[in-house]
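Student: Got a structure here, written out as structure tokens. Questions coming.
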Amino acid sequence: MAKGPVTLSIDVGGSNIKAMPLDAKGKPLADRIKLPTPRPARPNVVVATIRQVAAQAGAFDRVSVGFPGVIRDGRVLTAVNFDGKWAGFDLQTAVQTALKRPTRVLNDADMQGYGAIEGRGVELTVTLGTGVGSGLFVDGRLVPNLELGHHALRKGQTYEEQLGQKALDRVGKRRWKKRLKLAIAQIQRVFWPARLCLGGGNARLIDWTLPEGVVVVPNEYGILGGIALWNDAK
Ligand code: BGC
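Here you go:
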């Protein structure tokens, strides 16, 4: 039996919705469960899929959700890679009602960042998947809402337009890698992070030696970071 509350940590991604129960210290209690993200990804069907994933996860006391959009007080402000009316949708209450457990929702890259950080100085996590996400931390404290993916990178295009899944499919790995090298250099010049953590599914394509302070982190951190949402809870 697990000691303390079990947190069901859910990572809502562009391709899959994944869930894993974590013990009070954030250690996995079971294998990851995964279902494809429904398309079109409208609020009600996404919540229904979260419910299906949770139904396979065994017993849990509370829920953390990492979501690919800007979140404020549990509400989605924008989710550019999903369909339907997300702006203003109270995802936290919707999941809490569906799963009947206390729920906290956070941006997916912020959640991944919580899994990746060491807690000292400026640390930035950038996720490379369907979209490009970012989570900025100072001495372990989250600086919310950084949407680096939607900032200009080159040729009038954003990081996400240049490095998201669609761009990778369009231009191929070689050019995508060149762009990523440029992006890393640019991020270092702008943020001077003590650590720059690169995550998300496409970080697996990194096959060159990264500059000092830049590391690839396992995609699982997206789920493992879910425990940090409850750090203030007794
Ligand atoms: C969204 C971010 C999200 C990222 C990765 C971007 O398009 O705006 O909020 O973190 O994709 O999923």
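Counting in my numbering, the sequence shown runs from 397 upward without gaps.
Using N, Cα and C, we set each Cβ at its ideal position, and we do this for glycine too.
In this structure, how does DSSP classify E543 when only helix, strand and coil are distinguished?
Tutor: Locating residue 543 in the sequence shown gives position 147, where the first residue counts as 1. Coil, per DSSP.
Student: Which residues does DSSP list as the beta-bridge partners of D486?
Tutor: Residue 486 sits at position 90 when you count from the first residue of the sequence shown. BP columns for D486 point to R471.
Student: With respect to 7 Å, is the separation between the Cβ of P464 and the closest non-hydrogen atom of the ligand BGC below this value?
Tutor: Here residue 464 is taken as the residue at index 68 of the sequence shown, counted from 1. P464: yes, Cβ under 7 Å from the ligand BGC.
Student: So for N598, helix, strand or coil by DSSP?
Tutor: Residue mapping note: residue 598 aligns to position 202 of the sequence shown, counting from 1. Helix at N598.
Student: CB G465 to CB V472, shorter than 8 Å?
Tutor: In the sequence shown, residue 465 corresponds to position 69, counting from 1. In the sequence shown, residue 472 corresponds to position 76, counting from 1. Taking 8 Å as the Cβ cut-off, G465 and V472 qualify as a contacting pair.
Student: Is the beta carbon of D469 within less than 7 Å of some heavy atom of the ligand BGC?
Tutor: Looking up residue 469 in the sequence shown gives position 73. D469 Cβ: outside cutoff for every heavy atom of the ligand BGC.
Student: Excluding the five sequence neighbours on either side, which residues of its own chain have a C-beta within less than 7 Å of the C-beta of A579, listed in chain order?
Tutor: Here residue 579 refers to the residue found at position 183 when the sequence shown is read from its first residue. Cβ neighbours of A579 beyond the five flanking positions: L549, Y555 and L559.
Student: Is the stretch 505 to 519 touching the stretch 614 to 624 in the sense that three or more CB pairs, one from each, lie closer than 8 Å?
Tutor: Cβ pair count under 8 Å is three or more, so yes.
Student: Using a Cβ-based criterion (distance less than 7 Å to any ligand heavy atom), does H546 qualify as near the ligand BGC?
Tutor: The residue labelled residue 546 in the question sits at position 150 within the sequence shown. Yes, the beta carbon of H546 sits closer than 7 Å to at least one heavy atom of the ligand BGC.
Student: Can you tell me which of the three DSSP states P432 falls into?
Tutor: Sequence index remark: in the sequence shown, residue 432 carries index 36 (1-based). P432: strand per DSSP, three-state reduction.
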